[in-house]
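Here the structure is laid out as structure tokens; the discussion comes afterwards.
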Amino acid sequence: MVKKNILDFSYEELVDEFKKIELQKFRVDQILDWIFKKHVFDFFEMTNISKAQRELLDKHFYIYIPEPISIQESKIDGTTKFLWKLEDGKAIESVLLFYPNRVSACISTQVGCALKCKFCSTGASGFERNLSTGEIIAQVLAIEKLRDVNINNIVLMGMG
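In structure tokens, the structure reads:
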């Protein structure tokens with residue numbers, strides 16, 4: 163059985179997936195609360211769910227969060243650039259920006275780019291693929307957890 167990345171599903175799709183393994187709809191809300199509000203990415207740490215249900219979740223799903231390859235932070239304004247390693251070994255970038263009234267993240271939507279703009283190194287290797295929903299969402303979750311911030315503005319990069 164191939165595990166599925168829980169972040170690749172919409173709410174409605176997740177309700178359907180949970181129904182297939184006989185988990186109640188309210189469990190979706192509990193899981194999403196752990197992931198999006200508490201930044202817990204391991205089913206076994208979700209203590210308001212029974213051990214048997216956590217084992218069932220772990221058997222069918224996983225929560226994908228990318229590994230940071232490098233993190234560069236500006237000493238001037240705290241702007242932080244992340245280089246992430248994806249499950250397939252490809253690399254993408256995200257940037258965290260601080261403003262007086264908001265915290266923004268620029269997140270990748272693609273591996274590579276077809277435009278080959280001279281000012282941008284992303285296009286040097288050409289377009290490889292679009293990111294999955296889960297890979298896009300995971301960048302935000304990883305940044306929020308690593309930097310202990312709540313991002314309230316998201317800019318999508320790599321849409322050529």
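Everything in the sequence shown is counted per the numbering used here, starting at 163 for the first residue and increasing by one. Glycine included, every Cβ here is placed at the ideal spot set by N, Cα and C. Model, not experiment: these values are computed from the prediction.
C-alpha of Phe-260 to C-alpha of Ala-253: approximately 24 Å in a straight line. Distance from the Cα of Gly-288 is smallest, within the candidate group Ala-276, Glu-297, Glu-175 and Ser-294, for Ala-276. With the rule of 3 Cβ pairs closer than 8 Å, the stretch 205 to 216 does not count as touching the stretch 170 to 181.
If one requires a minimum length of 4 residues, the alpha helix (DSSP H) runs lying completely within the stretch 193 to 278 are 213 to 222, in chain order. The continuous beta strand (DSSP E) containing Leu-318 extends over residues 315 to 319. Apart from sequence neighbours up to five positions away, the residues of its chain that approach Ser-266 with a beta-carbon distance below 6 Å are Leu-259 and Asn-315, ordered along the chain. Between Asp-191 and Gly-296 the beta-carbon gap is near 18 Å, outside 8 Å, which marks them as no contact. Within its own chain, the residues whose Cβ lies closer than 7 Å to the Cβ of Thr-271, once the five positions on either side in sequence are excluded, are Asn-292, Leu-293, Ile-298, Leu-318, Met-319, Gly-320 and Met-321, listed in chain order.
Taking C-beta separations shorter than 6 Å and ignoring five residues to either side along the sequence, Leu-185 has no partners in its chain. Under the 10 Å beta carbon count, Pro-262 is surrounded by fewer than 16 other beta carbons and is classified as exposed. When the five nearest sequence neighbours on each side are left out, the beta carbons in the same chain lying within less than 6 Å of the beta carbon of His-222 are those of Ile-183, in order along the chain. Short of 6 Å from the beta carbon of Lys-243, and not among the five residues preceding or following it, lie these beta carbons of its own chain, in chain order: Gln-234 and Val-257. Per DSSP, the continuous alpha helix (DSSP H) segment holding Ala-300 begins and ends at 295 to 309.
Ala-214 counts as exposed, since fewer than 16 other beta carbons sit within 10 angstroms of its beta carbon. Rounded to the nearest whole angstrom, the C-alpha separation of Met-163 and Glu-217 is 14 Å. Looking at Ile-225, Ile-238 and Pro-230, the one whose alpha-carbon comes closest to that of Arg-309 is Pro-230.
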